[in-house]
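Read through the structure below, which is laid out as structure tokens, and then see the notes.
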Amino acid sequence: MENKKPHIAVIGLKGLPAFGGAATVGENLIDQLKNDYNFTVYSLSTHTKGESIDGIKQIVFNGCKNTTINTFLYYIKSLFHCLFFAKYDLIHLHHAESGFITPLLRLKYKVVVTFHGVFFDKSDPKFGYSANKFFRWSEKLNIKYASIVISVSKTDANNCNLKYNTNIQYIPNGITIQNIGKNVFIESYMVFAASRIYEIKGLHLLLEAIRNNRVNQKLFIIGDLNHVPAYKKKIELLARGLNVTFIGLIKNKQELFKIINDANLFIFPSLFEAMSMMLLEVVSLKTPVLASKIPANTEIFNDQEMLFFELEKENELQKKLSFALTNPEEMKIKAEKAFQKLNEKYTWEIISLKYNSIYKNLISN
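For the working numbering, count along the sequence shown from 1 and bump the result up by 97.
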């Protein structure tokens, strides 16, 4: 008789197909490990339309427009369904802020938690003061009560281990290598992309550099600007008179990749990241990158593979942008080297083995 596959519930993705970095991580892990496990994904009607995607079952709750309330109710509903209406072998919880449900989940299940960024005592600009205080408290609950905590950021893992005297494991994100041919017959353009565009993504720095450099080359801005209205207004003012096109959020990955693939430069000016899936996806397309020199980026890539600028140095982005646009061949060489590293060390086939080992150990013990 064939052994029954262990059943894992996944909370935090909010829906398949995924959009946003953390959801993409979860989706790829499921895709790699679905032959070994049955997965059920807890989702929201604001993020998905179907109850089954490529054979993966989704339990879809009704969502609401208020982002904070929507997130809170999603986790509460997922918690109650897991405790009273379902039976799983393991729970995989995503996001550090999800910890307010972890102690109760542990009454019935072992829980793996993946941190996709830790703000510690800082505030996430997407949320107000009270929500930020609540989520920082939730991070601590996850660290205290989860069976295993994983961080996609080496820096975050080290900082948490020092601050809380714990043992968070570092497992980086991975990538599926894309095979899209370059279109060399189109006009050159640059791209900035983030699923949710707000201050920590650094778009304001890029627009200021373009204005100061008097760059005429077109910039496509891809992503949702509506999460922080004050920041949206700031960006619209900075973009006036510049050769900028706002495309909005593109949920179709192939459509998104086609635009990034044909760009001559991708600019990634984030002030803070854990480990960006967007950056990895760009590198997988061999598109040259100009990125902020923050730990999340330099943990993976070096100066031979990517052009960096230091956030603290005045006019640094402006100077590096000028260099990137006037030295396209050197930028292509860097992009090729970055791609080779990604292909050798950071594919989902490699990364998923580490999660599989954790799943097996927790389920068997």
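From the three backbone atoms N, C-alpha and C, an ideal C-beta is built for every residue, glycine too.
Owing to the predicted nature of the structure, the values given are computational and were not obtained by experimental measurement.
Using a threshold of 9 Å, state whether the C-beta atoms of residue i and residue j are closer than that.
{"i": "Lys237", "j": "Gly196", "result": "yes"}
{"i": "Val209", "j": "Ile245", "result": "yes"}
{"i": "Lys329", "j": "Ile294", "result": "yes"}
{"i": "Glu446", "j": "Gly225", "result": "no"}
{"i": "Leu404", "j": "Leu387", "result": "yes"}
{"i": "Leu316", "j": "Tyr286", "result": "yes"}
Give every residue of the same chain whose Cβ lies closer than 6 Å to the Cβ of residue i, excluding the five residues on either side of it in the sequence, and list them in chain order.
{"i": "Ala291", "result": "Lys298 and Gly320"}
{"i": "Thr121", "result": "Ala115 and Met374"}
{"i": "Met98", "result": "The pLDDT assigned to Met98 is 41, lower than 50, so where the model puts this residue is not dependable; a value taken from the coordinates is nonetheless given after this. Counting only Cβ-Cβ distances below 6 Å, and skipping sequence neighbours, we find nothing."}
{"i": "Ala243", "result": "Thr199, Val208 and Val210"}
{"i": "Leu408", "result": "Ser389"}
Sort the options by Cα distance to residue i and report the nearest one.
{"i": "Ser367", "options": "Asn280, Ile391, Thr121 and Phe212", "result": "Ile391"}
{"i": "Tyr134", "options": "Gly147, Gly117, His144 and Ile153", "result": "Ile153"}
{"i": "Asn310", "options": "Phe354, Leu176, Lys416 and Asp186", "result": "Lys416"}
{"i": "Ser142", "options": "Thr121, Asp128, Ala115 and Asn125", "result": "Ala115"}
{"i": "His191", "options": "Ala119, Glu411, Pro385 and Ser149", "result": "Ala119"}
{"i": "Lys184", "options": "Tyr171, Leu204 and Leu170", "result": "Leu204"}
{"i": "Ile166", "options": "Phe217, Phe232 and Ser220", "result": "Phe232"}
{"i": "Phe181", "options": "Leu202, Ser449 and Asn313", "result": "Leu202"}
{"i": "Tyr443", "options": "Glu427, Ile347, Thr273 and Arg337", "result": "Thr273"}
{"i": "Gln351", "options": "Glu333, Lys331, Pro326 and Val379", "result": "Val379"}
{"i": "Pro269", "options": "Tyr452, Ile344 and Asn462", "result": "Tyr452"}
{"i": "Phe436", "options": "Asn458, Gln401, Glu409 and Leu422", "result": "Gln401"}
{"i": "His178", "options": "Lys457, Leu335 and Ser140", "result": "Ser140"}
Could you give the first and the last residue of the continuous alpha helix (DSSP H) run that contains residue i?
{"i": "Val380", "result": "Met374 to Ser381"}
{"i": "Ser419", "result": "Glu413 to Thr423"}
{"i": "His191", "result": "Element bounds for His191: not the alpha helix (DSSP H) but the beta strand (DSSP E), Leu187 to His191."}
{"i": "Arg203", "result": "Arg203 -> no alpha helix (DSSP H), and no H or E assigned at all."}
{"i": "Val138", "result": "It is not in any alpha helix (DSSP H) - Val138 instead sits in the beta strand (DSSP E) that spans Asn135 to Leu141."}
Starting from residue i, follow the beta strand (DSSP E) in both directions and report where the run begins and ends.
{"i": "His104", "result": "His104 to Lys111"}
{"i": "Ser468", "result": "Coverage of the chain is limited to positions 98 through 462, which leaves residue 468 absent and any answer about it impossible."}
{"i": "Ala388", "result": "Val386 to Ser389"}
{"i": "Gln155", "result": "Ile153 to Phe158"}
{"i": "Ser292", "result": "Tyr286 to Arg293"}
Between which residues of its own chain and residue i is the CB-CB distance below 7 Å, once the five residues before and five after are set aside?
{"i": "Ala306", "result": "Leu414, Gln415 and Leu418"}
{"i": "Phe136", "result": "Ile105, Val107, Ile127 and Ile153"}
{"i": "Ile460", "result": "Pro103, Asp186 and Leu187"}
{"i": "Ile455", "result": "Val209 and Ile245"}
{"i": "Gln129", "result": "Trp445, Glu446 and Ser449"}
{"i": "Asn462", "result": "none"}
Keeping to the same chain, check which residues put their C-beta closer than 8 Å to that of residue i; ignore five residues upstream and five downstream.
{"i": "Ile277", "result": "Phe354, Lys355, Asn358 and Leu382"}
{"i": "Gln155", "result": "Gly112, Leu113, Thr137, Val138, Tyr139, Ser140, Thr145, Gly147, Glu148 and Ser149"}
{"i": "Asn229", "result": "Phe216, Ser220 and Asp221"}
Counting contacts by CB-CB distance shorter than 9 Å, is residue i in contact with chain B?
{"i": "Pro366", "result": "Absent from the structure is chain B; it holds one protein chain and no more."}
Worksheet item: In chain order, which continuous runs of the alpha helix (DSSP H) of length 4 or greater are located wholly inside the segment 214-283?
Response: The segment 214-283 is shown to contain whole alpha helix (DSSP H) runs of 4 or more residues at 226-242 and 251-261, in chain order.
Worksheet entry | Segments of 4+ residues assigned as alpha helix (DSSP H) that fall wholly inside the segment 321-379 | For the segment 321-379, whole alpha helix (DSSP H) runs of length 4 or above, ordered along the chain, are 326-336 and 350-358.
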